[in-house]
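Residue numbers (this note's numbering): 33 to 499.
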């Protein structure tokens with residue numbers, strides 16, 4: 033049977049498109065279909081290194097894991113990382129392309145479409161069908177002609193369309209109706225249904241709502257999905273605030289500094305999910321003296337975030353802090369004596385900044401980004417992880433540990449059970465630890481089962497079958 037591909041579009045940003053795509057990929061893969069996730073353009077500072085040692089957004093990395101397919105750049109051919117001040121860092125086909133302002137980026141769209149088409153067509157040839165995730169809303173009227181992830185894919189490949197609407201934020205009927213009315217008629221005919229997402233309470237109270245959508249808006253409701261937090265591989269920093277901890281009796285108090293350009297915060301997923309650790313997300317100045325450990329996560333603009341630490345007073349707090357400090361990637365680089373950017377890699381001009389001074393070495397940014405995914409020897413442990421960084425150090429290129437100060441360029445370090453357990457036991461000997469891999473698998477499966485119970489997946493398959 034030949035199949036149409038599918039686009040999952042949101043009536044708003046953060047409607048839940050990423051997790052719906054993930055769940056549908058796994059549901060259909062478990063039924064024997066060869067299915068791949070796809071996002072033409074992702075705006076995210078949260079990225080991973082795929083099996084081809086190319087960079088892709090963590091959202092597509094996560095979806096590939098659920099679908100049981102290789103995580104390669106084809107799943108996310110264009111990724112934009114915000115530099116702030118209207119500047120973006122463009123990753124094309126998994127490799128650094130250039131930095132540009134937003135206007136300059138849009139001027140390149142025609143060339144980028146060629147790469148997006150090549151990646152999508154590669155997946156179409158290899159798999160039974162592709163599930164493409166949209167971005168934001170598909171009816172931003174002033175941007176439709178610049179829209180790679182929504183209208184370009186939907187028009188070019190005549191994908192079937194599902195709208196995901198977030199009922200939690202309110203105005204769900206207006207968002208559905210408005211999106212349908214503003215869609216180009218050529219796309220409107222391809223809409224196969226709506227998923228009402230993040231519903232809280234007794235669904236019987238929404239029966240009238242379902243009837244309104246189906247009868248007045250003339251679109252099937254494929255499912256009403258209960259709200260269920262999924263604290264894994266959040267796509268953007270806004271979602272970081274939606275983490276729900278499962279604290280029992282915490283044995284360790286940990287702070288994560290969430291500077292403005294925090295990136296790769298999936299590194300802290302295992303800490304947020306740990307019932308023995310109480311985690312606070314620090315976004316503004318506050319004393320750090322009550323914590324056992326502070327984590328400095330990754331940063332897209334390390335020098336700028338280091339300056340933010342100084343401006344807020346958290347830099348001084350970190351220098352006076354007497355507990356454990358652990359830095360990852362950009363956070364690791366902040367622990368050095370100095371960060372140097374002689375080529376203007378992070379910004380448009382050369383710059384340097386004094387770091388926290390805990391590590392007797394300096395970080396120097398180079399034009400070529402290090403992208404690795406492998407097994408490492410670090411901290412007297414064998415750990416799996418990956419590297420994504422332009423900053424290099426002469427003395428301590430991979431990791432550093434001296435007394436209470438430690439850090440590494442290895443992302444995913446806390447995913448490793450043996451390392452994580454040993455690390456927190458030396459902070460509190462009563463710490464026991466848990467199996468993060470099992471937790472991750474069970475959490476994903478629980479979410480997928482919930483989607484399967486509440487969405488008419490058979491109706492979706494019927495709509496995808498080509499006549």
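Quick reminder that beta carbons are idealized off the backbone N, C-alpha and C, glycines included. The structure displayed is predicted, hence computed values, not measured ones.
If you ignore the 5 residues before and after residue 332, its C-beta comes within less than 6 Å of the C-beta of 77, 113, 293 and 295, all in its own chain and listed in chain order.
The criterion of a C-beta distance shorter than 8 Å is satisfied by residue 286 and residue 310.
In this structure, the beta-carbon distance from residue 186 to residue 45 does not fall below 8 Å. Taking the Cα positions, residue 57 is about 21 Å away from residue 150. Looking at the DSSP output, residue 413 shares a beta bridge with 410. Rounded to the nearest angstrom, the Cβ distance from residue 374 to residue 396 is 7 Å, consistent with a contact under 8 Å. Just measuring C-alpha positions, the residue of 201, 197 and 202 sitting nearest residue 211 is 197. For a cut-off of 8 Å, the C-beta gap from residue 257 to residue 486 is around 5 Å, short enough to register as a contact. Going by DSSP, residue 469 is part of the alpha helix (DSSP H) stretching over 468-486. Listed in chain order, the alpha helix (DSSP H) runs fully inside the segment 195-247 are 204-214 and 217-220, counting runs of at least 4 residues. Across the structure, residue 189 and residue 290 are spaced so that their CA atoms are roughly 39 Å apart.
In the displayed model, residue 53 falls within a helix according to three-state DSSP. With 16 or more other Cβ atoms from the protein chains shown falling within 10 Å of its own Cβ, residue 444 counts as buried. By the beta-carbon neighbour count (other beta carbons within 10 angstroms, threshold 16), residue 173 is exposed. Under DSSP, residue 330 forms a beta bridge with 295. For residue 69, no alpha helix (DSSP H) run applies; the uninterrupted beta strand (DSSP E) run containing it begins and ends at 67-70, by DSSP. Two segments are said to touch when three or more pairs of C-beta atoms, one from each, lie closer than 8 Å; by this definition the segment 380-388 touches the segment 358-371.
For residue 38, the three-state secondary structure derived from DSSP is strand. Inter-residue distance for residue 306 and residue 480 is about 22 Å (C-alpha atoms, whole angstroms).
Per DSSP, the continuous alpha helix (DSSP H) segment holding residue 453 begins and ends at 449-457. In the structure shown, the three-state DSSP call for residue 258 is strand. Cβ-Cβ distances below 7 Å link residue 459 to 284, 324, 325 and 356 in the same chain, with the five nearest sequence neighbours on each side left out; the list follows chain order.
In its chain, beyond the 5 residues on either side, 125, 147, 148 and 151 have a beta carbon closer than 6 Å to the beta carbon of residue 109. Classified as buried, residue 181 has 16 or more neighbouring CB atoms from the shown chains inside 10 Å of its CB. The DSSP-derived three-state label of residue 146 is helix. Secondary structure note for residue 491: its alpha helix (DSSP H) is the uninterrupted segment 489-496.
As computed with DSSP, residue 111 is found in a beta bridge with 74 and 123.
Here DSSP, grouped into helix, strand and coil, assigns residue 45 to coil.
A Cβ-Cβ contact shorter than 8 Å links residue 418 with residue 81.
Only residues of its own chain outside the window of five on either side were considered, and among them 299, 302, 303 and 452 have a CB closer than 7 Å to the CB of residue 446, listed in chain order. Residue burial is scored here from C-beta neighbours: residue 55 has at least 16 other C-beta atoms within 10 angstroms and is therefore classed as buried.
The three-state secondary structure of residue 386, taken from DSSP, is strand. Linking residue 262 to residue 51 through their CA atoms gives a straight-line distance of about 8 Å. Of the candidates 409, 75 and 255, the residue whose Cα lies closest to the Cα of residue 230 is 255.
Counting C-beta pairs closer than 8 Å gives fewer than three between the segment 214-223 and the segment 233-246, which falls short of the contact rule. In this structure, DSSP gives residue 104 a state outside helix and strand, which the three-state scheme calls coil.
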